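Convert by adding 655 to the 1-based position in the sequence shown; the result is the number in the working numbering. Reading through the structure tokens given below for one structure.
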Amino acid sequence: MLYIHSIMKPSVKTVDFLVIGGGVAGLRAAIELAPKGSVLVLTKDKVTESSTGYAQGGVAVALSDEDEVGIHNEDTIKAGDGLCRENAVRILVEEGPGLILELISWGAEFDKEGSKLSFTMEAAHSRRRILHSHGDATGREIERVLINKVRSFNSVSRYDYAFTLDLIIEGGRCVGATVLRGHALINIFAKAVVLATGGAGQVFSRTTNPTIATGDGIAIAYRAGALISDMEFIQFHPTTLYSPAAPQFLLSEAMRGEGAVLKNIQGKRFMPEYHEMAELAPRDAVTRAIVSEMVKTNSRHVYLDLTHLDKDFVENRFPLIYATCLQYDIDITEDMIPVSPAAHYIMGGVKTDTEGETNIKGLFAAGEVACTGVHGANRLASNSLLEGLVYGARTGKKAIRYVEEEKTDAAASEVSHDGFNDESHVISPLDIEKTRSALRQIMWNKVGIIRCDESLSIARKWLDKKHSITDIQFHDRRGFELKNILTVANLITDSALLRKGSVGAHYRSDFKNRGEHWQRHTACLKGKAAEWME
Ligand code: FAD
Ligand code: SIN
656 MLYIHSIMKP SVKTVDFLVI GGGVAGLRAA IELAPKGSVL VLTKDKVTES
706 STGYAQGGVA VALSDEDEVG IHNEDTIKAG DGLCRENAVR ILVEEGPGLI
756 LELISWGAEF DKEGSKLSFT MEAAHSRRRI LHSHGDATGR EIERVLINKV
806 RSFNSVSRYD YAFTLDLIIE GGRCVGATVL RGHALINIFA KAVVLATGGA
856 GQVFSRTTNP TIATGDGIAI AYRAGALISD MEFIQFHPTT LYSPAAPQFL
906 LSEAMRGEGA VLKNIQGKRF MPEYHEMAEL APRDAVTRAI VSEMVKTNSR
956 HVYLDLTHLD KDFVENRFPL IYATCLQYDI DITEDMIPVS PAAHYIMGGV
1006 KTDTEGETNI KGLFAAGEVA CTGVHGANRL ASNSLLEGLV YGARTGKKAI
1056 RYVEEEKTDA AASEVSHDGF NDESHVISPL DIEKTRSALR QIMWNKVGII
1106 RCDESLSIAR KWLDKKHSIT DIQFHDRRGF ELKNILTVAN LITDSALLRK
1156 GSVGAHYRSD FKNRGEHWQR HTACLKGKAA EWME
């Protein structure tokens, strides 16, 4: 048993801007902030451990000769299934090309055909508009360039392995965060705080997301009083490697974009029966079709088949995927790949306007943690790296204006989080792991791809029994992550129960139509039940 009884007084640090998260959104925000003051970027692991670093398929941008910003706009809105906030989409597609060209001017190398940029196809895009790098390692390239750019500013420093526990709120404003760095607790005060902590895939037992994606930003913002929106919309990626020996490694949608097809375990291609766009239908449609085939054939997977494509092309176009599958004895040029869906992306999050502003003064959010409404009920493939760039930069700009206009300072002051002085709770590391595992399975089985009142209510009851965990004052990363995963699981379940209808990635087998309030958004605020908002 681990008794929580250490009384640890935090040290104090002040900076002008605190950026929590070192993925595409946090790094891009930091670059914007750098000329205006001292910036501290926090990451909870090594800096390369982010969803950004694992992104494969690419970044969607209307830069090819056959494409137009207006068409990218339409495709995004169509995939979002009626729930995109249209001004947010317009900003994304209009500002995206400039941000990508800027990234190229900072040294980003995207794959080319001859002297021209090479664009690939992904689901629900009506043009080839996905830029990629080193075949299928686009995120790594974007991250490399942003990290180097950030390093070029003396004003920016980074604390890696610095786990943010909570935000510091004073007089209704966010003035900093309490952070665990190694065994040291630090209260970091800032004139403005940018939350860029990424997604929450780890809430589910099957996910493409790295281990850092435990929804911390959503949970800590919620605890601080931020408005959280659209949490029922979880995107399940259709194709991750299904093998008992392998992790749920992503098999990029770009593979289907280049001609790969889906077959059931009897070897029959099925997507044309489900959707006119077949393998390139929106992700939610492909995912549900796969589930339906798995049920029909009583199987735990279907197959992704590229064996009809040229061997050299496949090896060169998808080198990371090719090499990774070989480690599990699958030669993707010769063998069909067993695949099944996994939780991939959260469309909901901390509600912001199109400048990253939340309902808490001094608190801004960008990237996957935020909900600008740009993705509606279902994100268009490869729009999120672009979102991180566009909204990371916009959020940085707005944080600067906030500080200038409000003349905030970063003075250290009395804060509520004055250390780990709570001796009342007892929880063992083993119990943390057991609860975490059970929770992730409940979420996958009962709040996953297909939901209904019965399954959601089972999850609700289970979560209620564990509610006391959200009050525990943990003092290590795993414990705090459990608390955050539980909080996010509650928000997803409540929002999914409220939306009695099927829209985009939220599918209710008991309400297959859109339902009464479908054009409204769900909202969660601490101390209140989930409710509707415009
Ligand atoms: P992340 O890149 O996840 O960064 C989050 C940061 O926050 C990390 O630095 C982390 O350490 C830090 N952090 C988290 N919690 C804390 C805490 N408590 N304290 C301190 N720091 C914290 N999108 C595309 O557009 N194209 C693709 O091809 C693509 N492929 C993908 C492939 C995979 C396998 C995955 C998982 C996602 C993919 N996505 C893709 C989605 C996309 O990568 C993410 O949505 C995007 O990178 C999120 O960026 P971000 O900056 O918001 O968060
Ligand atoms: C993929 O490569 O399939 C992932 C793209 C994305 O999630 O946007």
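The beta-carbon is built from N, C-alpha and C at its ideal position, and this holds for glycine as well. Since the model is a prediction, treat every value here as computed from it, not as a measurement.
Report whether the distance from the Cβ of Asp939 to the nearest heavy atom of the ligand FAD is below 7 angstroms.
No, the ligand FAD has no heavy atom inside 7 angstroms of this Cβ.
Within 7 angstroms: the Cβ of Gly1011 and any heavy atom of the ligand SIN?
no
What are the boundary residues of the alpha helix (DSSP H) that Arg828 is part of?
Annotation: Arg828 is outside any alpha helix (DSSP H); the continuous beta strand (DSSP E) that includes it extends over 828 to 836.
Does at least one heavy atom of the ligand FAD sit under 7 angstroms from the Cβ of Ser788?
No.
Is there contact between the region 1010 to 1022 and the region 663 to 682, where contact requires at least three CB pairs shorter than 8 angstroms?
Taking 8 angstroms as the limit for Cβ pairs, the verdict is that the region 663 to 682 does touch the region 1010 to 1022.
Please confirm if the region 718 to 734 is in contact with the region 1028 to 1047, defined as three or more CB-CB distances below 8 angstroms between the two stretches.
yes
Have a look at Ile1001, Met1002, Cys1026, Gly1003 and flag the residue whose alpha-carbon is nearest the alpha-carbon of Gly1011.
Cys1026
Please identify the residue among Val724, Cys739, Asp700 whose C-alpha is closest to the C-alpha of Asp1008.
With respect to the C-alpha of Asp1008, the residue from Val724, Cys739, Asp700 having the closest C-alpha is Cys739.
I want to check one thing, is the minimum distance from the CB of Ile675 to the heavy atoms of the ligand FAD below 7 angstroms?
yes
Provide the residue(s) that pair with Phe1019 in DSSP beta bridges, ordered along the chain.
Val849, Glu1012
Look at Tyr958 and Val969 and say whether their C-beta atoms are less than 8 angstroms apart.
no
Is the beta carbon of Ala717 closer than 8 angstroms to that of Pro752?
yes
Between Glu798, Val1158, Ser1164, which has its C-alpha nearest Glu1171's C-alpha?
The shortest Cα separation from Glu1171 among Glu798, Val1158, Ser1164 belongs to Val1158.
Based on the DSSP secondary-structure assignment, which residues constitute the bridge partners of Ile675?
According to DSSP, Ile675 bridges with Leu697, Leu850.
Under 5 angstroms, CB to any heavy atom of the ligand SIN. Which residues pass, going along the chain?
Gln711, Gly712, Ser907, Glu908, Ala1036, Ser1037
For Gly1003 and Pro902, what's the separation of their Cα atoms in angstroms?
26 angstroms
Can you tell me the Cβ-Cβ gap for Leu1146 and Leu1094, rounded? I've got them flagged as a contact below 8 angstroms.
That belief does not hold up - the Cβ atoms of Leu1146 and Leu1094 are roughly 13 angstroms apart, past 8 angstroms.
When you compare only the Cα positions, how much space is there between Gly1043 and Leu747?
10 angstroms
Could you tell me whether any non-hydrogen atom of the ligand FAD is closer than 7 angstroms to the CB of Val1024?
yes
For Ser1079, I'd like the list of residues in its chain whose CB is within less than 7 angstroms of its CB, leaving aside the five on either flank, ordered along the chain.
For Ser1079, the predicted model reports a pLDDT of 48, less than 50, meaning its position is unreliable; a value from the coordinates is still stated below. The answer is none, since no qualifying residue turns up.
Check for me: the alpha helix (DSSP H) holding Ser1110 runs from which residue to which?
1108 to 1120
Which complete beta strand (DSSP E) runs does the region 940 to 1025 hold, if anything under 3 residues is left out?
Runs found: 957 to 960, 992 to 1001, 1004 to 1006, 1018 to 1020.
Okay, do the region 679 to 697 and the region 857 to 871 touch, 3+ Cβ pairs below 8 angstroms being the bar?
no
Please state if the CB of Gly831 and the CB of Val848 are separated by a distance shorter than 8 angstroms.
yes
Just the Cα atoms here: how many angstroms apart are Glu757 and Leu786?
14 angstroms
Here's the rule I'm using: 16 or more other beta-carbon atoms within 10 Å means buried, otherwise exposed. How should Ser807 be labelled?
exposed
Just how far apart, CA to CA, sit Thr1177 and Lys771?
The C-alpha of Lys771 is placed about 43 angstroms away from the C-alpha of Thr1177.
Taking the straight line between their C-alpha atoms, what separation do you get for Ala1065 and Lys691?
14 angstroms
Any chance the CB of Phe774 is under 7 angstroms from a heavy atom of the ligand FAD?
no
Examine the ligand FAD and report whether any of its heavy atoms sits within less than 7 angstroms of the Cβ of Lys1138.
no
So, at 8 angstroms on beta carbons, what are the nonlocal neighbours of Leu1152 in its own chain, with the 5 sequence-adjacent residues on each side left out?
Counting only Cβ-Cβ distances below 8 angstroms, and skipping sequence neighbours, we find Asp1108, Leu1111, Ser1112, Arg1115, Ala1185.
Under a three-way DSSP split, which group does Gln890 fall into?
strand
Could you check which residue in Ala915, Arg911, Leu1041, Lys1016 has the C-alpha nearest to that of Leu754?
Leu1041
Thinking just about the alpha-carbon of each residue, which of Glu704, Lys668, Lys1138 is nearest to the one in Ser693?
Lys668
Quick one: does the C-beta of Ala620 sit closer than 7 angstroms to a heavy atom of the ligand FAD?
Outside the shown range of the chain (656 to 1189) lies residue 620, about which nothing can therefore be said.
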